[in-house]
Amino acid sequence: MRLITAIIQPHRLEEVKKELYAADVNLITVSEALGHGRQFGIDEFYRGVKETGNLLRKIRIDIAVNEAFEERTVAAIIKGARTGKIGDGKIFVTDLKRCIRIRTGEEGSRAIG
Amino acid sequence: MRLITAIIQPHRLEEVKKELYAADVNLITVSEALGHGRQFGIDEFYRGVKETGNLLRKIRIDIAVNEAFEERTVAAIIKGARTGKIGDGKIFVTDLKRCIRIRTGEEGSRAIG
Amino acid sequence: MRLITAIIQPHRLEEVKKELYAADVNLITVSEALGHGRQFGIDEFYRGVKETGNLLRKIRIDIAVNEAFEERTVAAIIKGARTGKIGDGKIFVTDLKRCIRIRTGEEGSRAIG
Amino acid sequence: MNQPLPISAGDTAWVLICAGLVMLMTPALAFFYGGMVRRKNILAILMKCFACLGIILLAWAIYGYSLAFGRGNGFIGNFQWAFLNGVGTAPEPAYAPTIPHCAFMIFQAMFAVITPAVIIGSLVERIKFSAFLVFSLLWLTLVYIPICHMVWSADGWLRGMGVLDFAGGCVVEINCGVAGLVSALILGKRIGLTRPTLHNLPFVVLGGGLLWFGWLGFNAGSALAANGVAANAFVTTNLAAAAAAVSWATVEWLITGKPTMFGTISGVIAGLVAITPACGFVEPWAAMIIGFVVGPLSFFAVSTIKQKFGYDDSLDAFGVHGIGGFWGMIATGIFATTAVNPSGSNGLLLGNMAQLKIQFLAASFTVIYCAAATALIAMAVNKLIGLRVSAEDEIMGLDITQHYERAYTMLE
Amino acid sequence: MNQPLPISAGDTAWVLICAGLVMLMTPALAFFYGGMVRRKNILAILMKCFACLGIILLAWAIYGYSLAFGRGNGFIGNFQWAFLNGVGTAPEPAYAPTIPHCAFMIFQAMFAVITPAVIIGSLVERIKFSAFLVFSLLWLTLVYIPICHMVWSADGWLRGMGVLDFAGGCVVEINCGVAGLVSALILGKRIGLTRPTLHNLPFVVLGGGLLWFGWLGFNAGSALAANGVAANAFVTTNLAAAAAAVSWATVEWLITGKPTMFGTISGVIAGLVAITPACGFVEPWAAMIIGFVVGPLSFFAVSTIKQKFGYDDSLDAFGVHGIGGFWGMIATGIFATTAVNPSGSNGLLLGNMAQLKIQFLAASFTVIYCAAATALIAMAVNKLIGLRVSAEDEIMGLDITQHYERAYTMLE
Amino acid sequence: MNQPLPISAGDTAWVLICAGLVMLMTPALAFFYGGMVRRKNILAILMKCFACLGIILLAWAIYGYSLAFGRGNGFIGNFQWAFLNGVGTAPEPAYAPTIPHCAFMIFQAMFAVITPAVIIGSLVERIKFSAFLVFSLLWLTLVYIPICHMVWSADGWLRGMGVLDFAGGCVVEINCGVAGLVSALILGKRIGLTRPTLHNLPFVVLGGGLLWFGWLGFNAGSALAANGVAANAFVTTNLAAAAAAVSWATVEWLITGKPTMFGTISGVIAGLVAITPACGFVEPWAAMIIGFVVGPLSFFAVSTIKQKFGYDDSLDAFGVHGIGGFWGMIATGIFATTAVNPSGSNGLLLGNMAQLKIQFLAASFTVIYCAAATALIAMAVNKLIGLRVSAEDEIMGLDITQHYERAYTMLE
Ligand SMILES: Nc1ncnc2c1ncn2[C@@H]1O[C@H](COP(=O)(O)OP(=O)(O)O)[C@@H](O)[C@H]1O
Ligand SMILES: Nc1ncnc2c1ncn2[C@@H]1O[C@H](COP(=O)(O)OP(=O)(O)O)[C@@H](O)[C@H]1O
Ligand SMILES: Nc1ncnc2c1ncn2[C@@H]1O[C@H](COP(=O)(O)OP(=O)(O)O)[C@@H](O)[C@H]1O
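Protein chains in written order, with this note's numbering: chain A, 1 to 113; chain B, 1001 to 1113; chain C, 2001 to 2113; chain D, 3001 to 3412; chain E, 4001 to 4412; chain F, 5001 to 5412.
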């Protein structure tokens, strides 16, 4: 099993969700994040004092999938999130040892979906 | 070492904390999340326009433990979080390569607790 | 590749960012968290009723790096975050299987930086 | 009325702006309460407050004002002014001889709105919206209006007896406080509550600050003229609020180790409550004492008594309004002086023990009548349509389950 | 003016505090709107509202007041009072004989401020700040001022015709509603919007509550004296707001299954809009009907018509102010009675069909004139400097791209 | 007083509602400031503002009013009105002959409350709560009251000299601005501050909007009657606020590339400050100039001077109130005209150089006296109980460490 974590632009979330559902990936967890990357933040000014805007709002998506779903999940995220501009984000894939459904106690592949 | 990540219902947090403490798991990190799963969200309406409520508030808990503590931690989370209704959430377990206590620089099992 | 996750004190974020940039680690993702650890929270009182303050505000930093950068990243975080007082936090390192840049589709080490 | 009384522009300006200030108190209360609950339940509070503004203003115009202030018997009015028929721009000498009758009516309307709105504080995070609507209309009709008539109308028996209640110690404060306690007891406790529910203390303070502002109109506007009595009420109101804020915070400092903002703003409200019946009858120094006393009283009620008995008067309508209102009625009987208000009476300190007795009697009568009638209403509504939402809805939150909407959505 | 008229302290106090209340409406509107957009765009709304306070107050003092109320012809005033020259403390008998002329001027100034501010609601999340500044100044000059002159000034032709518009059904409400729709059409839809944008409903309610409070000054202050007409306007304003809140929520309850806070507060505003032209001419019972009717009307406009035609009148300036204002003008022609206001007229119900025609004509004229002039202005500004921010800036959010600042920063 | 003066209902209504508006300014200020700090420190600001309302209202009633306005010598009053003894409903002809004496007293009380509250802006995120309480009481007694007496009381020497300070350029603005700077210097800088601390700009705007609203009462209420002078003050206040908002935003636009909401609302406050001493003495066109000038002045002070000297006047009490107040005093000496206010004087532009000198002298005296006295007080309190919280508490945040509570708890 895999844990796929994507950092995307906030305004792409709806698109990414759509692509994921289209790829039959329906179970996801979303949270807020701030990112610092290659993307150039806009300087802010407060009472004339400059503040280098270096943390931009991002969305983090975590998805646990079976190996078989890894590729299509990654592809769906890319399809939904890509604008081709700097700041589109990253996808991180780690190995998921166990997955347990709290409600039933089921484990493994059956618990993932 | 293991990194245990649980997605639970917000209203179960107190219960889960209680069970974790009871199981001698005292060090945890909590954050906010929004989840989309099998649970049926309630449709929202804004000035008469329907919005399919498809992201529900969840709580994410991250806990780093030694292998020996893995089972009891998972069990404690399940005990505290389970209501038997759809939406109870998931537990994800990944392998933790290193754990370092910033204050002392200690590493490994000793740094976890 | 490694995924480095640090839980730090909120007021050390600027320092940690500075140290990371100094160590040439420029791409990071930051989010809010609440932590329960050894650190003693301050009791709160609402209309005279005591509430044991047991979740303290923390900052979570996630950084994906190549193995070669693991040590310096960990060192930079420790340098920036350490105050020597309880509550300084932890660094967790997990193995990162894949890293994909959404914008270009690049994978692996080249996508990380 | 052959020859209508002349209207005073100054008095009319005063009463109208005060009516506006009292109107503002209901949204203010919405924020005062709204910040105290979990964020999944804030809209349900705002909604109930605006529901009070909506349905009670209409009910007041249709029958409420007439039943409350029309000439009936000692207990209830009649329908002479139903649909505001005859409530025009000519003054009604029985109530306010220098301003349009309809200005008096709308000033009073805002009192009728906020009183049931205060009760919301006892019922939050679990009451069904429809049940609240029915409850509040019944309560307006069967509790607020009769008590208002008895205390303030030309032929009310308590007024006839000489009770002093300048701006609503019985009519508003005791009434809503007791109703809150009783209905909270019938409604029962919230599920699995182990921690304080406040999600936004600044909102509480915002609401509290606006309540103080609005209360100046509530109390000083009750003079129904821009005169010395109004000015005195304005002064005493501010001083009592200040004194109670200080005394509440001081008690906290002594007991828990630090004064809190939440305690201070609670003290402000307690002080405003306590001075409500007294403000137009007592001198400024007495107002300070009244305020100083109510802080510890209410603090004790909400931090100790409530914990001990374990009832879920969630946001302390009883501890603040019930207790504070009762003390205010008694204090009026102690400190009142005709030097401030010739149409009032002297109190205990000036040798008039009788007044204190009248005050005690009126306050006690209000407690008993209100408790009994509220209990009947709440039980009836519970039987009829059920007071509480389902446990699932309570856990999910009232905003989404009762109103299909959420207060904060924060992803972009 | 050889012998200045005496000033009434009561009337002056009233008009000044009402001017203050109307001033407060613009910040209130800022929050009402600000809570409805995504958090990356809230400051851009607050900013435009305060920009209206800034530049339009100045423009009003420099030339606006004179052009609007100076004696010119039936369509526009003159420059007699430019730079407020001659607008001093002596009353101007043509407008308000018992208060300082400058008090009337500043009361009117606040109307000129809030009207373009309402238009912001149609343009949010995409309009360029500089373009809005130019647009709003041109619009003030070419739309607001002429319509204001025609309807309210001593020699306006619509006033001469006998139109009844107590507090701005044409001048304020239809005007801003139609301008919102037209400029939204020219501006175009927001990019890729698939979900509701509200980020903070409590802010919407806070703004809405303060708007209600301020509107009491807006409407009742338009009597320009603290008299029976003012009191009547005060009463009708509250009742219409209440009735529309109830009717909007009821329609929601029937159609979507639950009443919402957002709907209720929208109903409040719709009711306040609808009663605006009528408040000083109709009786309380009529106000309730006017309010009851506008709730479903506006609900239908925003939930069905807008969806159907697909225009992006983002926060419904047209659906609420345009529709509500038109209905209010018509309703005035139906329900007006000289029993309430001897200087008004009777409406249809009292047999005066002519008044209804006049109302319809004035409202229609306003729609047509405003639509045409607004379209020209918006297209001109678009040509000149471009109305819209770039797509990148729109996605990034207007706060950071137009103002180099962010509303919330939450890490410590 | 054998035969009490008759009370004017209109004037009384005006002064009371204005007192209410000034009361509202302190909670408004709390939000204006509260949004500018990190969220761990917002309650500590709200708390200090309400502490001012609490303890200073009481101190004012007990001895402050008497010391400030009682007949003493040129520098300080006496105890004739201690405990408000003799401050009843009959007018006090020396101050306000048409309203109850106690109405004048409570109007002034609200000025005494907000002045130390402004100082909080210089001390945020590090001052100990207990130290602030002691500091503010001492400061009230040793700085505010004497300056107030000298400038406004019947026998004050600055008033005797003919200084024009309509609503508090010296008494309120310079006083709090200078005190803020001096106490910030003594208190020292916050630990490790590298970024702006604002956590909620909408709160800043909310507070700023309510401050504008309240300031209308502050300035126009200072006429102590609802007359032409009040109307003029009302107009000039609005125009100066508008002009300064525009000029501040314009300067930003030129220098940093974009106008900001934070700058605009700061400009509003700067404009209100600058017009404070002048509002009842100058004409509207002059008010616009006064406002235009203060925007860049204050912007320069907060963005350049403060950075250069590196003092931590955290929220710019000095840059906005000190600088703005000084300019306002001078401007009054330039633009004042008896055409607006016969009981005032002409200024430089009408050939009266003397008035400008008097203004400069009074302003300079206030700077020097206030700086010296504040320094002594702050150092004394520092010695006695320590001004600052511990470094750990500062890092942890003042809300939790000074008040055992948190502003936002957001998990459910
Ligand atoms: N190595 C990394 N570790 C953690 N987060 C990263 C890393 N690289 C990118 N991110 C996250 O992805 C976001 C987008 O990255 P950025 O470099 O701006 O754009 P792009 O991926 O298009 O080159 C960053 O703001 C950051 O939140
Ligand atoms: N495969 C998954 N990947 C990421 N998050 C998941 C996954 N499955 C479930 N979740 C999270 O758990 C929550 C509960 O899951 P849900 O399917 O609603 O209930 P249950 O686990 O009881 O079947 C979801 O809202 C989501 O946040
Ligand atoms: N085993 C763990 N699992 C998850 N989070 C942890 C763990 N240990 C520590 N943390 C996080 O690190 C924070 C600091 O830990 P704490 O024990 O208070 O201090 P220290 O690391 O200095 O001993 C905690 O509040 C918690 O958020």
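Just so it is clear, CB atoms sit at the ideal spot from N, CA and C, and this is done for glycine as well. Note that the structure is a prediction, hence the values are computed from the model and not measured.
What residues in the stretch 2027 to 2048 of chain C bring their beta carbon closer than 7 Å to a beta carbon of chain D? Residues of the stretch 2027 to 2048 of chain C whose Cβ lies closer than 7 Å to any Cβ of chain D, in chain order: F2045, Y2046, R2047 and G2048.
Taking only beta-carbon atoms, is A/A22 less than 8 Å away from chain C? Against the first sequence, residue 22 of chain A aligns to sequence position 22. Closer than 8 Å: no.
Under 7 Å from any heavy atom of ligand 2, does the C-beta of B/G1089 make it? Indexing the second sequence from 1 puts residue 1089 of chain B at position 89. Yes - ligand 2 has a heavy atom lying nearer than 7 Å to the Cβ of B/G1089.
How about D/L3016 and E/A4231: do their beta carbons lie closer than 8 Å? One-based indexing of the fourth sequence puts residue 3016 of chain D at position 16. One-based indexing of the fifth sequence puts residue 4231 of chain E at position 231. With respect to the 8 Å criterion, D/L3016 and E/A4231 are classified as neighbours on the basis of their beta carbons.
Here's the rule: buried if 16 or more other CB atoms are within 10 angstroms of the residue's CB, otherwise exposed. What is B/I1078? Position 78 of the second sequence holds residue 1078 of chain B. Using a 10 angstroms sphere on the CB of B/I1078, the tally of other CB atoms reaches 16 or more, which defines it as buried.
Would you say the beta carbon of C/L2096 is closer than 7 Å to some non-hydrogen atom of ligand 1? If you number the third sequence from 1, residue 2096 of chain C lands on position 96. Incorrect: C/L2096 has no Cβ contact closer than 7 Å to ligand 1.
Give the single residue among D/N3227, D/H3321 and D/F3069 whose Cα lies nearest to the Cα of D/A3094. One-based indexing of the fourth sequence puts residue 3094 of chain D at position 94. Selection D/N3227, D/H3321 and D/F3069 evaluated against D/A3094 yields D/F3069 as nearest (Cα-Cα).
Enumerate in chain order the residues of its own chain whose CB-to-CB distance from F/L5350 is below 7 Å, with the five nearest sequence positions on each side excluded. As a working note, residue 5350 of chain F is residue 350 in the sixth sequence. Scanning its chain for C-beta atoms nearer than 7 Å, with the 5 sequence neighbours on each side dropped, one finds around F/L5350 the residues T5337, in chain order.
For A/L34, the three-state DSSP class (helix, strand or coil): Translated into the one-based positions of the first sequence, residue 34 of chain A becomes position 34. A/L34: strand per DSSP, three-state reduction.
Would you say C/E2161 lies against chain D (beta-carbon separation less than 8 Å)? A question about residue 2161 of chain C goes unanswered here, because the residues of chain C that appear run from 2001 up to 2113.
Does DSSP put C/E1998 in a helix, a strand or coil? Residue 1998 of chain C lies beyond the stretch modelled for chain C, which goes from 2001 to 2113, so this question has no answer here.
Classify A/A64 as helix, strand or coil using the three-state DSSP reduction. Locating residue 64 of chain A in the first sequence gives position 64, where the first residue counts as 1. Reduced to three states, the DSSP call for A/A64 is strand.
I'd like to check one pair, C/V2030 with C/A2076: are the Cβ atoms closer than 8 Å? Indexing the third sequence from 1 puts residue 2076 of chain C at position 76. Indexing the third sequence from 1 puts residue 2030 of chain C at position 30. The answer is no: Cβ separation not under 8 Å.
What residue range does the beta strand (DSSP E) around B/E1014 cover? Indexing the second sequence from 1 puts residue 1014 of chain B at position 14. Unbroken run through B/E1014 is the alpha helix (DSSP H), L1013 to A1022; no beta strand (DSSP E).
For F/A5245, tell me which candidate among E/L4272, E/A4030 and E/C4049 has the shortest Cα-Cα distance. On the sixth sequence, position 245 is the one that residue 5245 of chain F refers to. A check of alpha carbon separations from F/A5245 across E/L4272, E/A4030 and E/C4049 identifies E/C4049 as the nearest.
Taking C-beta pairs closer than 9 Å, name the residues in chain C that E/M4410 reaches, listed in chain order. Taking the fifth sequence and counting its residues from 1, the one referred to as residue 4410 of chain E is at position 410. The answer, in chain order, is E2032.
Would you mind sorting D/A3225 into buried or exposed? The rule is 16 or more other CB atoms within 10 Å of its CB. Within the fourth sequence, the letter at position 225 stands for residue 3225 of chain D. By the neighbour-count rule (16 or more Cβ atoms within 10 Å), D/A3225 is buried.
Tell me, please, whether the stretch 5359 to 5370 of chain F touches the stretch 5159 to 5173 of chain F by the rule of three or more beta-carbon pairs shorter than 8 Å. Counting Cβ pairs under 8 Å, three or more are found: they touch.
Suppose you measure from the CA of E/L4376 to the CA of E/D4312; what does that come to, to the nearest Å? For the purposes of this step, residue 4376 of chain E is identified with residue 376 of the fifth sequence, where counting begins at 1. For the purposes of this step, residue 4312 of chain E is identified with residue 312 of the fifth sequence, where counting begins at 1. Put simply, the backbone Cα of E/L4376 is about 19 Å away from that of E/D4312.
How many angstroms separate the CA atom of E/A4131 from the CA atom of E/V4151? Residue 4131 of chain E sits at position 131 when you count from the first residue of the fifth sequence. Residue 4151 of chain E sits at position 151 when you count from the first residue of the fifth sequence. Their Cα atoms are separated by approximately 28 Å.
For B/K1090, which residues of its own chain have a beta-carbon under 6 Å away from its beta-carbon, when the five flanking residues on both sides are left out? Mapped onto the second sequence, residue 1090 of chain B falls at position 90. Result list for B/K1090: I1007, in chain order.
C/V2093 by DSSP, collapsed to three states: which one? Counted from its first residue, the third sequence places residue 2093 of chain C at position 93. The answer is strand: DSSP assigns C/V2093 an E or B state.
Alpha carbons only, please: which of E/I4145, E/K4128 and E/I4042 is nearest the one belonging to E/G3984? Past the edges of chain E, shown from 4001 to 4412, lies residue 3984 of chain E, and the structure says nothing about it.
Where does A/K85 fall in DSSP's three states? The sequence position of residue 85 of chain A within the first sequence is 85, counting from 1. Reduced to three states, the DSSP call for A/K85 is coil.
The stretch 2004 to 2019 of chain C / the stretch 1036 to 1046 of chain B touching (three or more Cβ pairs under 8 Å): The answer is no - the stretch 1036 to 1046 of chain B does not touch the stretch 2004 to 2019 of chain C, with fewer than three Cβ pairs under 8 Å.
DSSP three-state label for E/R4406, please. Counting from one through the fifth sequence, the residue named residue 4406 of chain E turns up at place 406. Note: E/R4406 maps to coil in three-state DSSP.
Below 8 Å, can you find three or more Cβ-Cβ pairs linking the stretch 4329 to 4346 of chain E to the stretch 4196 to 4211 of chain E? Result no; under three Cβ-Cβ pairs closer than 8 Å.
Local Cβ density within 10 Å of E/Q4307, reported as buried at 16 or more and exposed below that: Stepping through the fifth sequence from its first residue, residue 4307 of chain E is reached at position 307. That one is exposed.
Helix, strand or coil for F/L5201 per DSSP? Within the sixth sequence, numbered from 1, the residue matching residue 5201 of chain F stands at position 201. In the structure shown, the three-state DSSP call for F/L5201 is helix.
According to DSSP, B/K1058 sits in a beta bridge with which residue or residues? As a first step, residue 1058 of chain B is located in the second sequence; it is residue number 58 there, counting from the start. Bridge partners of B/K1058: B/A1033.
Under a Cβ-count criterion, where at least 16 other Cβ atoms within 10 Å of its own Cβ denotes burial, should A/R103 be classed as buried or exposed? As a working note, residue 103 of chain A is residue 103 in the first sequence. Counting the other CB atoms within 10 Å of its CB gives A/R103 a total of 16 or more, which places it among the buried residues.
Taking only beta-carbon atoms, is D/R3195 less than 8 Å away from chain C? The residue you call residue 3195 of chain D lines up with position 195 of the fourth sequence. With 8 Å as the cut-off, D/R3195 counts as an interface residue toward chain C.
Selected residue, minimal CA-CA separation from C/K2058, among B/E1015, B/E1070, B/E1032 and B/H1036: Along the third sequence, read from residue 1 onward, the residue named residue 2058 of chain C stands at position 58. That would be B/E1032, whose Cα lies nearest to the Cα of C/K2058.
Give, in chain order, every residue of the stretch 5254 to 5273 of chain F whose Cβ lies closer than 9 Å to some Cβ of chain A. Here the close residues are I5255, T5256, G5257, K5258, T5260, F5262, G5263 and S5266.
Checking the sheet assignment: what are the DSSP bridge partners for B/I1028? Within the second sequence, the letter at position 28 stands for residue 1028 of chain B. BP columns for B/I1028 point to C/H2036.
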